[in-house]
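Numbering of the sequence shown is given in full-length UniProt numbering, commencing with residue 1 and proceeding in unit increments.
Using N, Cα and C, we set each Cβ at its ideal position, and we do this for glycine too.
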Amino acid sequence: MEAGTCHLLAIPYPGRGHINPMINLCKTLASKVPSILVTFVVTEEWLGFIRDEPKPSNIVFDTIPNVIPSERVRATNMPAFIEAMATRMAAPFEELLDRLLIPQPSSWPTLTCFGWSN
Numbered sequence: 001m002e003a004g005t006c007h008l009l010a011i012p013y014p015g016r017g018h019i020n021p022m023i024n025l026c027k028t029l030a031s032k033v034p035s036i037l038v039t040f041v042v043t044e045e046w047l048g049f050i051r052d053e054p055k056p057s058n059i060v061f062d063t064i065p066n067v068i069p070s071e072r073v074r075a076t077n078m079p080a081f082i083e084a085m086a087t088r089m090a091a092p093f094e095e096l097l098d099r100l101l102i103p104q105p106s107s108w109p110t111l112t113c114f115g116w117s118n
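So this is what it looks like as structure tokens:
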């Protein structure tokens, strides 16, 4: 990532009604702000569905393993899907974040939900 580039990590809820609108939002943002890099995180299964979608070059896909029921069968057992979401997705996301995040000096301000802090 180049100096001055803002890195956005987009992690949509893993369902069609959430992934499609989130990728559309990211495409719009990336096309209007060329200095932004968007890493769009989905399961390996979902990457297979959206991999060939046209997107700006400043959007990259990254994945976590398929730790939740398949999109093709999850409607038959929504409680199992919700259980998997709540219990099996945290560790793969933490591993992905550890791999993606670059440590920053403690003197750098950080943007929080409530504004800038030191």
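Taken in chain order, the complete beta strand (DSSP E) segments of 3 residues or longer contained in the stretch 34-86 are 36-43 and 59-64.
Rounded to the nearest whole angstrom, the CA to CA distance from P12 to N66 is 15 Å.
For I82, the number of other beta carbons within 10 angstroms of its own is below 16, and it is reported as exposed. When DSSP reads this structure, A10 sits in a beta bridge with F40.
Residues K27, A30 and S31 of the same chain have their beta carbon placed closer than 7 Å to that of P56, with the five preceding and five following residues left out of the count. With fewer than 16 other Cβ atoms from the protein chains shown falling within 10 Å of its own Cβ, V73 counts as exposed. The C-beta of V60 has fewer than 16 other C-beta atoms within 10 Å across all chains shown, which makes the residue exposed.
Annotation for A91: no residue places its beta carbon closer than 6 Å to its own, counting only its chain and skipping 5 residues before and after.
When only Cα atoms are considered, E71 and E95 end up about 23 Å apart.
Rounded to the nearest whole angstrom, the CA to CA distance from L100 to T5 is 14 Å. With 16 or more other Cβ atoms from the protein chains shown falling within 10 Å of its own Cβ, P69 counts as buried.
Look at L101 here: in three-state DSSP terms it is coil, with no helix or strand label.
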